[in-house]
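Presented below is the structure to which this report refers.
2 protein chains.
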Amino acid sequence: MKLATIKTDKRDGKLVVVSKDLSRAAAVPHIAQTMQQALDDWEKTAPLLRKAAAALEAGDIEGVFTFDSEAAAAPLPRAYQWCDGSAYLSHAELVRKARNAEMPPELYENPLMYQGGSDKMLGPRDPIVLADESWGIDLEAEIAVIVTDTPMGVRKSAAPGHIALVTIVNDVSLRGLIPGELAKGFGFFQSKPSTAFAAVAVTPDELDDAWDGAKLSLPLQSWVNGERLGLPNAGEDLNFDFAALIEHAAKTRELGAGTIIGSGTVSNRERAVGSSCLAERRMIETIDEGAPKTPFLRFGDLVKIDMLDNAGRSIFGAIEQRVEQYSPV
Amino acid sequence: MKLATIKTDKRDGKLVVVSKDLSRAAAVPHIAQTMQQALDDWEKTAPLLRKAAAALEAGDIEGVFTFDSEAAAAPLPRAYQWCDGSAYLSHAELVRKARNAEMPPELYENPLMYQGGSDKMLGPRDPIVLADESWGIDLEAEIAVIVTDTPMGVRKSAAPGHIALVTIVNDVSLRGLIPGELAKGFGFFQSKPSTAFAAVAVTPDELDDAWDGAKLSLPLQSWVNGERLGLPNAGEDLNFDFAALIEHAAKTRELGAGTIIGSGTVSNRERAVGSSCLAERRMIETIDEGAPKTPFLRFGDLVKIDMLDNAGRSIFGAIEQRVEQYSPV
């Protein structure tokens, strides 16, 4: 089934089931008012939501309306936890190569993961509002999963059973602020402003053969101002799948229902497929031509991220965000 | 006024007003069911909660019961954001001195802050449950504030107006996991398991002259197995007050209602007042005696953190947690 959150005057919006072709939706307040409520009681709500989704496909449900990503919030407009990995090491290898450094071998064994801010998640059409272009505004196209309650110490083998939903993400990053923050040693903070999500999150069965239980093998497409940035396959060159990322996240703590786990920027070693962030394209330019030439995002730029199924239909709805200058109120 | 969350069969518990002497409480479901609900609509709920708190003091409210920290969850049993600073640089100076390193001068101008996990906050009597003593289990006694909606780019001068509540925290840390995580560059993750909170969060006016709008000038007391660890004054040797920490946190994003901002381990340069974490005591032992002698926490150990007002009464209720070994279910 496919689920989304429609914006309302409430902070957490309104949970809806969405048709497979993303054309129609219906609210399900008798099952759960919000996505978080559904996830808090997933064993009970998931079967009921599946029935509602089937009824929507069959045209046998009340209150159907035309679905539009424009009206959608992030699936979780605010979440209790956002853990973002860096699972495609070809990305990290390029970072190192661009500065002539060695890859620390332990990165191949132990996932990189940072704790992200989750009090405000952007919807698929929400602008990226920031005060300063010189911060080096970048997109990062990623895959994310949303988990149910997951016990501390969960093993890789048991982790896939906790994956409730899958979606795609734009992990907005401020490249100019990252070196200073990482040098201080406490990780990302100001360099990771609000993250954006596609409108729709889907149960793994919606992904058919493209989902193997812990990774999603389809191209993740991204564009800047209509020009293709990349379409790397999210199932290739992945050093850590979601089972490994969940095991890592849960080593010293349980993960509460609704925890979102991100893959990090999707990146393939095959250069012909392009990149999922401008920083990576700039590193390749540095390696090949001695200096970066693609600029970071500027006010007015339009970012688009989408994933199509094998029949060419958008699975989650596209993320389409314009970069805007912040004016303090 | 003083507020707390009582554990129920619901994840977010039940909001209560608590008497100034922490002896009695009453639920206020007609105002807000949960702490987060109250914070989401603070302008409207705060005056009503103040009336309820006044009625509780006057003995003029229904459903009064005996208040007990044992029955309390964290004020926010799960929160949308937890940003923890490191505002007492005497702590960082000791870290550097113990390894004969220089303090980077920018640390005096730009606060250290990490994004913490907030999907599960521990109540004041919840055990610290971890799988492995060799991870170097430590307490960190801190002050924290809970803010209302705070705009991006808020200035230090406007930040205190967004502080709704103040409380105390045990930011449990795994010292053995920190060096490896920080070396990877993405900050703390596994080394910061669930954080614990005192039962009661109070509005700043409850702190009288000890609160200057952005810092709390009272000793924060901590003990391990009944032996005093320290009682540094949280208003002294503070390089960044909560106004500065909020300004830092909000530089590139708004802060959602219920965001918790921590001070970092309270630490004074005056050694006679002791420390707020074992790591600091061990650093002092290393500087003075060449090697640490105080061990980190072991299974069965009891941690206590409390703050008393000038009349010797506990303001927030004590945090009292036993360290327990995790047994996977």
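In the order they appear, the protein sequences are chains A and B.
Note that UniProt numbering has the first sequence beginning at 1, numbered continuously upward.
Note that UniProt numbering has the second sequence beginning at 1, numbered continuously upward.
Note that beta-carbon positions come from the ideal geometry of N, C-alpha and C, so glycine has one too.
Bear in mind that the values here come from a model prediction, so they are computed numbers and not experimental data.
So, is T252 of chain B buried or exposed, given that buried needs 16 or more other C-beta atoms within 10 angstroms? T252 of chain B comes out buried.
Outcome for P104 of chain B when other beta-carbon atoms lying within 10 angstroms are tallied against a minimum of 16: Around the CB of P104 of chain B, fewer than 16 other CB atoms lie within 10 Å, so the residue is classed as exposed.
Skipping 5 residues on each side, what residues in its chain have a beta carbon closer than 7 Å to that of K156 of chain B? Sequence-distant Cβ neighbours of K156 of chain B in its own chain, meaning closer than 7 Å and more than five residues away, are A243, A244, E247.
To which residues does DSSP link P219 of chain A through a beta bridge? Residue pairing from DSSP places P219 of chain A in a beta bridge opposite A:N233.
Using beta-carbon positions only, say whether V266 of chain B and L207 of chain B come within less than 9 Å of one another. The Cβ atoms of V266 of chain B and L207 of chain B lie no closer than 9 Å to each other.
Are the region 304-312 of chain B and the region 185-195 of chain B touching, with three or more C-beta to C-beta distances below 8 Å? Between the region 304-312 of chain B and the region 185-195 of chain B, the count of C-beta pairs closer than 8 Å stays below three; the two stretches do not touch.
In whole angstroms, what is the alpha-carbon distance linking P232 of chain A and V202 of chain A? When rounded, the separation of the alpha-carbon atoms in P232 of chain A and V202 of chain A is 21 Å.
I need the boundaries of the beta strand (DSSP E) containing V172 of chain B, first residue and last residue. If you look at V172 of chain B, you'll find it isn't in any beta strand (DSSP E); DSSP assigns it neither H nor E.
Decide if residue 346 of chain A is buried, meaning its Cβ has at least 16 other Cβ atoms within 10 Å, or exposed. The structure shown does not extend to residue 346 of chain A, since chain A spans only 1 to 329, so no value can be given for it.
Should V329 of chain B go down as buried or exposed, given a rule of 16 or more other Cβ atoms within 10 Å for buried? By the neighbour-count criterion, in which 16 or more other beta carbons inside 10 Å mark a residue as buried, V329 of chain B falls on the exposed side.
In chain order, what residues of the same chain lie with their CB nearer than 6 Å to the CB of I315 of chain B, ignoring the 5 residues before and after it? Result list for I315 of chain B: M307, D309, in chain order.
Are any of the Cβ atoms in chain B nearer than 9 Å to that of L278 of chain A? Using a Cβ-Cβ cut-off of 9 Å, L278 of chain A does not count as an interface residue toward chain B, since no Cβ of chain B sits closer than that to its own.
Inter-residue Cα distance where the pair is P77 of chain B and R269 of chain B: Using only the alpha carbons, I get a separation of about 34 Å.
What are the residues that DSSP puts in a beta bridge with M113 of chain A? Paired residues: A:G85.
If distances are taken between C-alpha atoms only, which option among B:R11, B:Q115, B:R322 comes closest to E181 of chain A? Ranking the options by Cα distance to E181 of chain A, first place goes to B:Q115.
Nearest chain B C-beta to D288 of chain A closer than 9 Å, yes or no? Output row for D288 of chain A: interface = no.
Roughly how many whole angstroms lie between the Cα atoms of K215 of chain A and G187 of chain A? Near 26 Å, if we compare the C-alpha coordinates of G187 of chain A and K215 of chain A.
Which residues in the same chain as S90 of chain A place their Cβ atom closer than 8 Å to its Cβ, once the five residues preceding and following it in sequence are excluded? For S90 of chain A, where only same-chain residues beyond five positions count, the Cβ hits under 8 Å are D237, S267, N268, R269.
Beta-carbon of Y108 of chain A versus every beta-carbon of chain B: anything under 9 Å? No, because no Cβ of chain B sits closer than 9 Å to the Cβ of Y108 of chain A.
Apart from the five residues just before and just after V147 of chain A, which ones in its own chain have a Cβ nearer than 7 Å to its Cβ? Here the set comprises H162, I163, A164, I246, L255, T259, I261.
List, in chain order, every chain A residue whose beta-carbon is nearer than 8 Å to that of P328 of chain B. Near P328 of chain B (Cβ distances below 8 Å), the residues of chain A are P151, M152, G153.
Would you mind reading off the limits of the alpha helix (DSSP H) that contains A54 of chain A? Segment 42-57, the alpha helix (DSSP H) holding A54 of chain A.
Chain B contacts from the region 28-46 of chain A (Cβ-Cβ distance under 7 Å): Look at the region 28-46 of chain A: the residues with a C-beta under 7 Å from a C-beta of chain B are D40.
What residue does the alpha helix (DSSP H) around T286 of chain B start on, and which one ends it? First-last of the alpha helix (DSSP H) with T286 of chain B: 278-289.
Quick test of your reading: M121 of chain B and G85 of chain B, contact by CB under 8 Å. State the CB separation rounded to the nearest angstrom. With a beta-carbon spacing of about 17 Å, M121 of chain B and G85 of chain B fall beyond the 8 Å limit used to define contacts.
Where do the N-terminal and C-terminal ends of the alpha helix (DSSP H) with E247 of chain B fall, by residue? 242-249 is the extent of the alpha helix (DSSP H) around E247 of chain B.
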